[in-house]
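Enquirer: Reminder that position 102 of the sequence shown reads as 102 in the numbering used here, one-by-one numbering, no gaps. What follows is a structure written as structure tokens; I'll ask about it next.
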Amino acid sequence: MKTRTLLPAALSLLLAGPAFAAQGAAADLREAKAAAAAARGASVLKAVSAGSALFDGARALSGAVAEPVAVPARTAAAPNAAPKTSSPAQAAAPSAAPAAPVVSPSPADAISDGYLGPYPAGDFVLGTGSCPACRGPREGKWYFLDDVIATPKSGTPAIVWIGSHELLEGVTLSADGTHARLKDGTEIPLRLVPKIASNRSFYDASSLAYLRGRTVRIRGEFAMVGGVRTLVARTIWPEDFRIDEKSIKEGGAATPDQIDALVAADKGGATKPFQTEVLWERSRDRDWDGKPVMGFMLNGAQGDDDESLGGHSSFFTGRMGPGGSMADWMFDNFYDMNTVSEKGIIASMVPMDKYMSDLNAGQSWYRPSYLMVMILKDDRAPLRLQETFKEQYARYYAQDLKYEHTHENCAALVADPVRADGWKFPEKGKTPRLIAEILKKIVGAAAGPEAADQVYGSLREEPTRGFPRASFDSAGGDMLSLAGDYGADTIGRPLSPLEKEIKDDLLAVVWVRVPQIPSSRAYGRDPAGSVTDYFMRVPMDRSKWKTVPTVPRAFPPPH
């Protein structure tokens, strides 16, 4: 139909550019620890089997351990699919939470390589939302009643969603995916957490083919399965997804438009190799291990969900891990608390390996992602900003601050606190009211009043608050401007105290592209960066959009 081409043409003309150890005693101790871990794993699996909408994928909405991927196998569907489970709509029905056992906090030292985001791991304890002594926001704990969280021993209460007690590094997968070889050479049976019924992005034979030739980092539980001690994986993260300071390429991007071109390259690069480029550095010494980091992440468009083409935005803080590891960086991730996620995602602070490669909730199973990373000599700026996000999460869980798809979405929920703290990366300006009203009429005639109102609202929202890609481009360009990079835009504003700290502390700015890990899901691509871009990608007839049904979640949730 002509209206299908008329609207994008009109939008394009009016909106130029992207808008947007005695041996016996030691043996007894090892056996006791193994028994405790197995019992803990059994408890977790029992909780998993009790699924409910309250916890989304925290309890996986399922009732069994998934079988390993068999090879050969079809790649069109997940060959390790778990038994059928309730749908999100069915799971949303319970009006009372199943009883979760009261737990006591335990040490959190072993959940990372030393740091959890910008904080030493020893500053945290492990527990669940049912741990009275765990210092998380009360309303936030309601969403994690029997899932594993880390909470700080002191300071601002917070929740870091860990999801598992065990962390194993340097693991390799057997050719058929049924066993894991640990770093010490031990082989152990491997199973997967169950697939959420509504999740279309799960590990399959193509995932195994991609991962078995590399070492991986696994978060999960040890459990007795059929009388055999088994590793049940919840997160599988490729360890070569890291910033290698010795082999990193030099890149030339210096402006928001040039950063946008990196995002757009290879249509988002979902099927391309992991990529890093240093865009600016104060010195070529590159002694980056252990240095503080912070920055923005942009997640791409999903390949078969027309409501998610705008991608996703998050902020992160942390320390450069051993060998350039990013796995323990902390991401501030905001999703709608009043909707049950089909993938089991719950808004929270979360380490990168879980954020990206949780077998149900991980971003990397269904789209590519991009990072603009600032490597710093001091942790004052990351700590300041992360404390701000802790405070925002308390308001968010209590619903004093609510998600709204046009004006308070993930981009706004990240950009607003960063700017409020003093990093005022440039805005792009709203579409003038008259132009927005003209376009509203065009859209209304072609697609109806609902679509017209949506377009008008998006046009009248400042783009870096409405579109993650616009926010990412602007913040990334501003990093390079603060660094004084050759070719970067000149900063036309007085610097705030926070901006002066960033400018003084910057050692390097690095671009990272994380490809999609092959899975049962269609490949994603770069996200839409403007209203024009978005509507160029979807049918004008809203009834023909590919969507994923979700159901509402009441507040307060059962607890």
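Positions of the beta carbon are idealized from the N, C-alpha and C atoms, including for glycine. None of these values were measured; they are calculated from a predicted model.
Contact between the region 327-335 and the region 203-211 is defined here as three or more beta-carbon pairs at a separation below 8 Å; is this criterion met?
Expert: Because the criterion of three Cβ pairs below 8 Å is not met, the region 327-335 and the region 203-211 do not touch.
Enquirer: Would DSSP call Trp142 helix, strand or coil?
Expert: Trp142: helix per DSSP, three-state reduction.
Enquirer: The alpha helix (DSSP H) with Val193 in it runs from where to where?
Expert: Counting along the chain, Val193 falls outside any alpha helix (DSSP H), and DSSP gives it neither H nor E.
Enquirer: Determine the DSSP secondary structure at Gln363, reduced to helix, strand or coil.
Expert: Reduced to three states, the DSSP call for Gln363 is helix.
Enquirer: By a C-beta neighbour count over all protein chains shown, 10 Å radius and 16 as the cutoff for buried, is Glu307 buried or exposed?
Expert: Counting Cβ neighbours within 10 Å, Glu307 comes out exposed, since fewer than 16 surround it.
Enquirer: Pop quiz: Ala483 and Ile375 are said to be a contact at Cβ under 8 Å. What is the actual Cβ separation, rounded to whole angstroms?
Expert: Going by Cβ atoms, the distance from Ala483 to Ile375 rounds to 11 Å, so no, they are not a contact pair.
Enquirer: So Phe331 is in the beta strand (DSSP E); what residue range does that whole segment cover?
Expert: Run containing Phe331: Met330 to Asn333, per the beta strand (DSSP E) assignment.
Enquirer: Which parts of the region 300-347 are runs of the beta strand (DSSP E), unbroken and 3 residues or longer, counting only runs that do not cross its ends?
Expert: As far as the region 300-347 is concerned, its whole beta strand (DSSP E) runs of at least 3 residues are 312-319 and 330-333.
Enquirer: Would you kindly work out how many angstroms separate the C-alpha atoms of Gly311 and Arg521, rounded to a whole number?
Expert: One C-alpha to the other measures close to 16 Å.
Enquirer: Go through the region 490-549 residue by residue and report every complete run of the beta strand (DSSP E) that reaches 3 residues or more, in order.
Expert: Listed in chain order, the complete beta strand (DSSP E) runs (minimum 3 residues) inside the region 490-549 are 506-514.
Enquirer: Would you mind giving the Cβ-Cβ distance between Thr565 and Ser314, rounded to the nearest angstrom? I have them listed as a contact below 8 Å.
Expert: The requested residue 565 does not occur in the structure, where the chain is confined to residues 1 to 559.
Enquirer: Closer than 8 Å is the cut-off here; do at least three beta carbon pairs connect the region 120-132 with the region 175-184?
Expert: The region 120-132 is not in contact with the region 175-184.
Enquirer: Could you please give the first and the last residue of the uninterrupted alpha helix (DSSP H) stretch that includes Glu391?
Expert: Residues Arg380 to Tyr397.
Enquirer: Looking at C-alpha atoms only, which residue of Phe555, Arg525, Arg217 and Met294 is the closest neighbour of Met573?
Expert: Missing from the structure shown is residue 573; the chain here goes from 1 to 559 and no further.
Enquirer: When burial is assigned at 16 or more other CB atoms within 10 Å of the CB, is Val44 buried or exposed?
Expert: Here the model assigns Val44 a pLDDT of 47, short of 50, so the residue's position is not dependable, and the following value carries that caveat. Result: buried.
Enquirer: Would the beta-carbon of Phe316 fall within 8 Å of that of Val514?
Expert: The answer is no: Cβ separation not under 8 Å.
Enquirer: Mapping DSSP to helix, strand and coil, what is Ile162?
Expert: DSSP places Ile162 in coil when its eight states are reduced to three.
Enquirer: Measure the C-alpha to C-alpha separation of Met224 and Thr230 and round it to an integer number of angstroms.
Expert: Cα-Cα distance, rounded: 6 Å.
Enquirer: State yes or no: is the C-beta of Val455 within less than 8 Å of the C-beta of Val531?
Expert: Cβ atoms of Val455 and Val531: closer than 8 Å.
Enquirer: Could you check which residue in Arg380, Gly220 and Trp280 has the C-alpha nearest to that of Glu501?
Expert: Among Arg380, Gly220 and Trp280, the Cα nearest to that of Glu501 is on Arg380.
Enquirer: Going by the DSSP bridge assignment, what does Ile149 pair with across the sheet?
Expert: According to DSSP, Ile149 bridges with Gly127 and Trp161.
Enquirer: Return helix, strand or coil for Asp289, following the three-state DSSP convention.
Expert: Coil.
Enquirer: The alpha helix (DSSP H) spanning Phe472 covers which residue range?
Expert: Element bounds for Phe472: Pro468 to Ala483.
Enquirer: Can you tell me where the alpha helix (DSSP H) holding Ala108 begins and where it ends?
Expert: Counting along the chain, Ala108 falls outside any alpha helix (DSSP H), and DSSP gives it neither H nor E.
Enquirer: Please state the DSSP three-state secondary structure of Arg212.
Expert: Three-state DSSP puts Arg212 in coil, outside helix and strand.
Enquirer: Would you identify the three-state DSSP class for Lys267, choosing helix, strand or coil?
Expert: Three-state result, Lys267: helix.
Enquirer: Does the region 384-399 come close enough to the region 436-452 that 3 or more CB-CB pairs lie under 8 Å?
Expert: No: the two stretches stay apart, fewer than three of their Cβ pairs being nearer than 8 Å.
Enquirer: So for Arg234, helix, strand or coil by DSSP?
Expert: Correct three-state label for Arg234: strand.
Enquirer: Taking the alpha-carbon positions, what's the Gly51 to Asn338 distance?
Expert: Caution is warranted here: a pLDDT of 35 is assigned to Gly51, below 50, making its placement in the model unreliable, and the coordinate value is therefore given only provisionally. Gly51 and Asn338: Cα-Cα distance of roughly 18 Å.
Enquirer: Check this for me: beta carbons of Pro557 and Pro292, under 8 Å apart or not?
Expert: Taking 8 Å as the Cβ cut-off, Pro557 and Pro292 do not qualify as a contacting pair.
Enquirer: Where does Leu182 fall in DSSP's three states?
Expert: Of the three classes helix, strand and coil, the one that applies to Leu182 here is coil, per DSSP.
Enquirer: What are the boundary residues of the alpha helix (DSSP H) that includes Ser458?
Expert: Pro449 to Arg460 is the extent of the alpha helix (DSSP H) around Ser458.
Enquirer: Within 10 Å of its beta-carbon, does Lys402 have 16 or more other beta-carbons around it, so buried, or fewer, so exposed?
Expert: Flag for Lys402 reads exposed.
Enquirer: If you draw a straight line from the C-alpha of Asp204 to the C-alpha of Asp400, how long is it?
Expert: In a straight line, the C-alpha of Asp204 is about 40 Å away from that of Asp400.
Enquirer: If we count the other Cβ atoms within 10 Å of its Cβ and call it buried at 16 or more, is Arg234 buried or exposed?
Expert: It is buried - the Cβ of Arg234 has at least 16 other Cβ atoms within 10 Å.
Enquirer: By DSSP, does Tyr203 sit in helix, in strand, or in coil?
Expert: It is coil, neither helix nor strand.
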